[in-house]
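To start, the structure under review is shown below, and the notes come after it.
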Amino acid sequence: MANEGTILTAADLAGNGAYGDDPDVHGKFGIFGGRYVPEALIPALDEVAAVYEKAKNDAEFLREFDHLLRTYAGRPTTLTDVPRFSEHAGGARIVLKREDLTHTGAHKINNVLGQALLTKRLGKQRVIAETGAGQHGVATATAAALLGLECVIYMGAVDCERQALNVARMKLLGATVVPVTNGSQTLKDAINEAFRDWVTNVDTTHYLFGTVAGPHPFPEIVRDFARIIGVEARRQMLELTGGLPDAVCAAVGGGSNAIGIFHAFLGDQDVRLHGYEAAGHGLESGEHALTLTAGSVGVLHGSRTYVLQDDEGQTIESHSISAGLDYPGVGPEHAWLKDSGRATYHGVTDDQAMAAFALLSRSEGIIPAIESSHALAGALELGRELGPEATILVNLSGRGDKDMGTAMKYFDL
Amino acid sequence: MTTLQTVFAKAKADNRAALVGYLPAGFPSKGGDVAAAAALVEAGCDVIEIGLPYSDPLMDGPTIQDAVHRSLVNGTRIADVMRTVEGVAATGAATLVMTYWNPIDKYGADRFARDLANAGGVGTITPDLTPEESEPWRAASAAAGIDTVFLVAPSSTEARIKAVVDCCTGFVYAASLMGVTGARESVNVAAEGLVKRTKAHTDLPVCVGLGVGTGAQAAEVASYADGVIVGSAFIRRILDAPDEAAGRASVTELATDMATGVRR
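From first to last, the protein sequence lines are chains B and E. So in my numbering the end of the first sequence lands on 417, straight run, no missing numbers. So in my numbering the end of the second sequence lands on 266, straight run, no missing numbers.
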């Protein structure tokens with residue numbers, strides 16, 4: 005058990021066991037997950053799994069993680085009622101979980117602090133990471149600076165250009181940013197390049213994976229470190245409203261913020277779980293990131309899951325106005341939640357997300373990340389469907405400061 | 003059709019290692035791939051691996067990534083890969099397909115194994131398919147009568163080596179180093195130890211790949227392994243040549259050097 009006064013217990017990390025929610029010995033969630041990687045990486049993955057298994061049951065590790073979450077990341081984050089925004093949702097009560105208020109401005113900090121501590125326990129001094137929008141890169145560079153680790157971030161050359169401000173932030177934090185110029189020059193190619201680095205430098209390096217995808221044990225570890233979002237929110241909803249929400253909404257790219265808030269509610273069968281993927285310019289346009297809604301089962305980046313792929317298994321490039329959702333794969337646990345029917349997944353277009361982005365800014369004085377705006381747009385529609393008696397919890401996974409360049413262009417500000 | 007078993011038995015009888023060459027299908031062009039592979043066979047390659055181009059080749063270094071990207075841009079499909087296998091098998095070399103798992107998975111394991119066997123292919127090398135996930139592919143391959151080659155690495159524990167070789171038929175692919183494909187200044191010293199460790203668990207031939215780029219390196223590897231695998235060095239020659247004919251001449255020169263190396 006954690007020390008008195010802390011916010012985290014071993015049970016908070018380990019899951020509630022309510023829904024067969026831990027992967028099997030091969031890292032499988034049903035038919036999804038597993039390990040499809042070069043044999044050279046298997047010992048490293050085994051080592052990460054073993055060290056994590058020990059750490060999550062070690063009071064000292066939990067105390068360190070808890071301490072950083074409270075005194076560095078700014079947890080617990082608050083819930084915020086948004087009545088003026090809710091007026092546009094048919095009067096349903098919308099409540100936001102404010103991950104945008106964490107240090108670095110997005111939920112990503114939870115996972116990177118956990119994994120940076122794990123890196124120390126692995127006896128490694130160097131971390132590498134992939135990043136799309138730059139948020140995971142910034143979070144990783146932050147944790148590396150805090151714990152004195154060498155840090156190399158792989159980022160698609162196209163993304164480096166789109167997110168120049170985040171590149172500068174990472175550099176300021178002491179990280180080396182490597183622009184990836186092969187393939188589509190975006191997130192998926194950055195992941196390929198990070199794996200190539202890892203297999204070459206695995207003796208000294210931990211791959212600080214940024215989402216609940218990839219080979220086992222990453223989907224489980226990243227989920228457990230993000231799980232605090234839902235653990236807090238569930239407790240806070242009971243305090244605030246006296247009951248559980250009717251629905252929980254979150255945006256889904258790789259899926260870490262969504263699994264983070266969903267997971268503590270898996271056993272609450274009356275709570276609907278809704279994930280919102282980026283529909284980009286719409287399904288028919290072919291320019292989207294609708295992995296769960298329009299993809300098919302395959303293997304990408306070491307894991308069996310839903311993938312945007314052609315009829316011969318070649319990955320199809322995704323599109324979204326939000327770089328954080330612009331990924332042709334998704335975490336295997338989401339694939340499992342979809343097929344088992346426990347969660348449902350929908351698409352939100354660029355235009356719908358941007359409308360919600362503007363609406364929350366003007367009605368509540370909160371500028372959300374464009375990623376999170378997909379969940380907000382979903383909640384507006386869901387509220388109208390469920391009616392004024394309903395309570396909807398939305399994971400506001402990050403703040404929108406990083407998106408001002410996109411917003412200026414989109415709204416001609 | 004020349005089988006892997008025939009190739010390795012013959013090489014052993016000659017007291018030498020086998021030479022294995024890799025080229026991606028559709029590279030340097032449709033048709034140019036078979037011509038380039040035929041040049042390798044003519045110069046002394048015993049086995050040809052035809053790479054199935056894939057959008058996310060996370061085990062490959064820049065040289066193979068470049069070649070594969072060109073092939074995909076040219077529109078190479080699995081039917082083209084099968085035609086390439088057919089053309090290369092006709093030269094008399096034992097011909098395998100090297101591929102990441104997802105294209106087989108999507109195509110259908112049974113269908114892929116059958117089509118490959120019908121094209122004259124003798125097996126596959128699947129670098130991202132681990133023993134734990136390999137059962138469906140081994141069953142499909144056994145039914146179609148083709149071999150399944152998997153990889154061991156310097157980081158592999160004894161238990162992992164045993165698990166991998168138990169899934170292999172034909173030969174075992176020993177990755178010489180911790181890293182991606184690509185020619186190196188020298189072949190990693192870990193390779194010899196890995197071959198020795200692998201042979202403790204199997205009677206199958208053990209071939210060494212990753213980082214072999216010269217005849218001298220081929221000779222060195224041939225002193226302890228049953229086969230020497232060369233890919234990026236051939237591809238580099240083709241990429242650097244002004245045209246396909248010059249590329250073939252260049253790989254012929256290198257393959258001849260390598261073929262001499264494995265006989266030293």
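Glycine included, C-beta positions come from ideal geometry on N, C-alpha and C. Bear in mind the structure is a predicted one, so any value in this text is a computation, not a measurement.
Determine the direct distance from the alpha carbon of V398/B to that of V214/E, and round the result to whole angstroms.
55 Å
Cβ neighbour criterion (16 or more within 10 Å) applied to A161/E
exposed
CB-CB length for T204/B against G181/E, believed under 8 Å:
4 Å
Output needed for S57/E: all residues of its chain with C-beta closer than 8 Å, excluding positions within five of it in sequence on either side, in chain order.
L74
Once DSSP output is grouped into helix, strand and coil, what is the label at E3/B?
In this structure chain B extends from 5 to 417, so residue 3/B is not present and cannot be described.
Any C-beta of chain E sitting closer than 8 Å to the C-beta of G187/B?
yes
Contact criterion: CB-CB distance below 8 Å. Does L304/B meet it with respect to chain E?
yes
Are three or more beta carbon pairs between the region 201-212 of chain E and the region 11-22 of chain E nearer than 8 Å?
yes
Does the region 240-259 of chain B come close enough to the region 325-335 of chain B that 3 or more CB-CB pairs lie under 8 Å?
yes
To the nearest whole angstrom, what separates the beta carbons of V90/E and I127/E, a pair I think is in contact under 8 Å?
Not confirmed; about 15 Å, so no contact.
Please confirm whether Y40/B has its beta-carbon closer than 8 Å to some beta-carbon of chain A.
Among the chains of the structure shown, chain A does not appear; the protein chains present are B and E.
Over what stretch of residues does the alpha helix (DSSP H) that includes A163/E continue unbroken?
Contrary to the premise, residue 163/E reads as Ile rather than Ala in this sequence. Segment 160-167, the alpha helix (DSSP H) holding I163/E.
Does DSSP put A177/E in a helix, a strand or coil?
strand
Between V49/E, E44/E, P30/E, G28/E, which lies nearest to V9/E when the distance is taken from Cα to Cα?
V49/E
Leaving aside the five residues before and after R388/B along the sequence, list all residues of the same chain whose C-beta is less than 8 Å from its C-beta, in chain order.
A93, G94, A96
Report the three-state DSSP secondary structure of S307/B (helix, strand or coil).
strand
Among V36/E, T262/E, P55/E, which one has its Cα closest to the Cα of N76/E?
P55/E
Residues from the region 143-176 of chain E in contact with chain B, defined by Cβ distance under 8 Å
F152, L153, V154, A155, P156, S157, S158, T159, R162, V166
Sorted by chain position, which residues of the same chain lie with C-beta nearer than 7 Å to F29/E's C-beta, five sequence neighbours on each side aside?
D35, A69, R72, S73
Pairwise C-alpha distance: D107/E and G419/B:
Lying outside 5 to 417, the shown extent of chain B, residue 419/B is not represented and no answer is given.
For P183/B, three-class secondary structure by DSSP:
strand
Checking 8 Å against the spacing of the C-beta atoms, do Q129/B and E154/B come in under that value?
yes
Taking Cβ-Cβ distances shorter than 8 Å, what residues in chain E pair up with P47/B?
S157, S158, T159, R162
Against chain B, does G181/E count as a neighbour if the rule is that its beta carbon must be under 8 Å from one of theirs?
yes
Rounded to whole angstroms, what's the CA-CA distance from W139/E to D149/E? Just pull it up for me.
10 Å
Where the region 57-78 of chain E meets chain B: residues whose CB sits under 9 Å from a CB there
S57, D58, P59, L60, M61, D62, G63, P64, Q67, D68, H71, L74
Would you mind giving the Cβ-Cβ distance between E103/B and S401/B, rounded to the nearest angstrom? I have them listed as a contact below 8 Å.
5 Å
Segment limits, beta strand (DSSP E) that includes K101/B
97-102
Does G317/B come within less than 8 Å of chain E when only Cβ atoms are used?
yes
Which residues does DSSP pair with G37/B in a beta bridge?
K32/B, R308/B
Hey, quick one: how far does the beta strand (DSSP E) through I157/B stretch, first residue to last?
154-160
By how many angstroms is the C-alpha of A59/B removed from the C-alpha of A6/B?
Note that A6/B scores a pLDDT of 39, beneath 50, so its modelled location is shaky and nothing firm can be said.
Does the distance from the C-beta atom of E43/B to that of S158/E stay below 8 Å?
yes
Look at the alpha carbon of V252/B and the alpha carbon of E281/B, and state the distance between them as a whole number of angstroms.
14 Å
How close, in whole Å, do the beta carbons of G382/B and H350/B come, if the pair is a contact with beta carbons under 8 Å?
6 Å
Suppose you measure from the CA of L417/B to the CA of A411/B; what does that come to, to the nearest Å?
7 Å
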